[in-house]
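Please read the structure below before turning to the comments.
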Amino acid sequence: MRLRVLSAEDTHRIHRAALRILREVGMHVMDEDTRKTLLKAGCTESEPGNILFPEKLVERTISTIPYRFILFDRNGKICIDTADEEPNFGPGLNCIYVLDHRTGEHREYLLEDVREAVKVCEKLQNLDMASGLGNPVDVSPDRQALETVKALVDGTSKPFPFIAHDEREDEKIWEYLAGVAGSWNKLADKPFALDLTGPYSPLELGVEACRRLKFASRRGLPVVCYPAFLPGATGPVTLDGAIAQSSAEILAGLVVHQLECPGSPVITGSSVIPMDLQTGMIAYGSPEYVLAGMGAADYFSDLGVPTWIGAGCSDSHIPDAQAASEAGMNIFAASMCRTSFIHNLGFLSGGKTGSLEMLVLCDEIAGALKRIKRGIAVSEETIGVDVVKRAVKERSFIVDLHTLTHMREAMRASPLFKRISIENWKEEGAKSTRNKIKEILASLISS
905 MRLRVLSAED
915 THRIHRAALR
925 ILREVGMHVM
935 DEDTRKTLLK
945 AGCTESEPGN
955 ILFPEKLVER
965 TISTIPYRFI
975 LFDRNGKICI
985 DTADEEPNFG
995 PGLNCIYVLD
1005 HRTGEHREYL
1015 LEDVREAVKV
1025 CEKLQNLDMA
1035 SGLGNPVDVS
1045 PDRQALETVK
1055 ALVDGTSKPF
1065 PFIAHDERED
1075 EKIWEYLAGV
1085 AGSWNKLADK
1095 PFALDLTGPY
1105 SPLELGVEAC
1115 RRLKFASRRG
1125 LPVVCYPAFL
1135 PGATGPVTLD
1145 GAIAQSSAEI
1155 LAGLVVHQLE
1165 CPGSPVITGS
1175 SVIPMDLQTG
1185 MIAYGSPEYV
1195 LAGMGAADYF
1205 SDLGVPTWIG
1215 AGCSDSHIPD
1225 AQAASEAGMN
1235 IFAASMCRTS
1245 FIHNLGFLSG
1255 GKTGSLEMLV
1265 LCDEIAGALK
1275 RIKRGIAVSE
1285 ETIGVDVVKR
1295 AVKERSFIVD
1305 LHTLTHMREA
1315 MRASPLFKRI
1325 SIENWKEEGA
1335 KSTRNKIKEI
1345 LASLISS
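Counting in our numbering, the sequence shown runs from 905 upward without gaps.
This is how it looks when you write it as structure tokens:
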């Protein structure tokens, strides 16, 4: 079950535009060693630091990217396989604020909030990845990412993404994870973490991004390469133009990565983040956000590059009707596109606030979408002609062995959305969905 928003002709036109941007405008590459490598590979320097990429080099290097990439859990079990393009869900990360589910206060993240988020991620059944959601301010900036990763290793067996503040912290994190795995080779053979880095829009590859991409490539470790792109602020406001420019930026990063060690695993996608032009605020909950992600997934899938996409996020500041409708929309759309990684679940305030309540809500939506993605299996047994013949006269379907055998897989039971009568709902206290989310969250944390 797949949904394309761009045709093959559309993605071809976007690819031609991205190649033209790299050939005629180029990228400002901040790292001197990387510039030397690119020039040796056939690029040219139009002005100091600005590198033009020939089309043949781009095409040749992206052809070496493996489309299949497997992410494991800490026990060595396969968690995510990009070859099957089945949706796998995980929270966002790097939030500034936490919505305290006990007090309702928006406040800065603490390391204990990270640990609590990791515990909840481990227990939510429809999350395939984990994260701490935010950056703890009670840890020094040069250790924030490392301490967050340590909390993840201590609290979950699920794989996780991470973001380091610079290339030095990035290498410390990878070194720590290699120790957890037992060796660098064991970590590369069965990776359970992936680094997030990439270009800056418009059209810049920083020193940090270059070095992190090359380090991961040399070690055979997975990395996500994509920019944060603001339509109308760092590039074209139109979605096709935004995808074209951000894809050019990504392609440059992929060239740097693959030149270091062809065939090393890398993932990409789109972080085209629209702004509400009336308020200047980020619009994660907009239809354009998920459209851009789906379009980029179509484009890079056609190139044979594995992707991920953002969803499960909202511009509301609390998990209310706006949050549920925006998250439901973007999780559904992301689940139907050609990607294996869906992240950013639990985001509020346009990505500034992390919320465990929102994460519980998104986990429920993700579970429903996984059921929809499985579709309808048709077989001689399940089609049930025999049960019709057997039970129709006495209307005994409810107690028939066929019903008892298949009822659990035929109808998904929701742990959050209860289907009860008005009378029973009132007897149970007429609880709102948010009340029930808080109860589930309290149970997850206390157990």
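Built from N, CA and C at the ideal position, the CB exists for glycine as well.
In this structure Leu1158 does not touch Thr1138 by the C-beta definition: roughly 19 Å separates them, more than the 8 Å allowed. Under DSSP, the beta-bridge partners assigned to Trp1212 are Gly1173 and Phe1245. Within the same chain, and ignoring the five residues on either side of Pro1106 in sequence, the residues whose Cβ sits closer than 6 Å to its Cβ are Thr1138 and Gly1139. By the Cβ test, the region 1213–1220 is not in contact with the region 953–964, since fewer than three Cβ pairs between them sit closer than 8 Å. Excluding residues up to 5 positions away in sequence, Phe1066, Ile1067, Ala1068, His1069, Glu1073 and Ile1077 lie with their Cβ nearer than 7 Å to the Cβ of Ala1049 in the same chain. With contacts defined by Cβ atoms closer than 8 Å, Phe1096 and Arg972 do not form a contacting pair.
Taken in chain order, the complete alpha helix (DSSP H) segments of 4 residues or longer contained in the region 957–1025 are 959–966.
Under the three-state reduction of DSSP output, Ile1222 falls in the coil class, being neither helix nor strand. Taking a C-beta distance under 8 Å as the contact criterion, Val1018 and Ala987 do not qualify as a contact pair. Non-local C-beta neighbours of Pro1319 in its own chain, meaning closer than 6 Å and more than five positions away in sequence, are absent.
Contact between Glu1230 and Gly1184 does not hold, since their C-beta atoms are separated by about 19 Å, which reaches or exceeds 8 Å.
Counting along the chain, His932 sits inside the beta strand (DSSP E) bounded by residues Met931 to Val933. In the structure shown, Gly1189 falls within a coil segment according to DSSP collapsed to helix, strand and coil. Bridge partners of Pro1065 according to DSSP: Leu1098. When C-alpha distances from Leu1252 are compared across Phe1301, Cys1025, Pro1223 and Arg1278, the shortest belongs to Pro1223. Phe1321 is not bridged by DSSP to any residue.
Beyond the five residues adjoining it in sequence on each side, Tyr1001 comes within less than 8 Å, by CB distance, of His1010, Arg1011, Glu1012, Tyr1013, Gly1038, Ser1253, Lys1256, Thr1257 and Gly1258 in the same chain, given in chain order. The beta carbon of Glu1268 sits closer than 8 Å to those of Asn1030, Ser1318, Pro1319, Leu1320 and Phe1321, all from its chain and outside the five residues before and after it, given in chain order. Under the DSSP definition of a beta bridge, Glu1268 lacks any partner.
Looking at the DSSP output, Phe1251 shares a beta bridge with Cys1217 and Gly1258. For Tyr1130, the secondary structure class from DSSP, reduced to helix, strand or coil, is coil.
In the three-state reduction of the DSSP assignment, Ile1235 falls in the helix class.
Per DSSP, the continuous beta strand (DSSP E) segment holding Thr948 begins and ends at Thr948 to Glu951. Val933 is positioned such that its CB atom lies no closer than 8 Å to that of Cys1165. Apart from the 5 residues on each side of it in sequence, Thr1101 sits with its Cβ closer than 6 Å to the Cβ of Ala1113 and Arg1116 in its chain, given in chain order.
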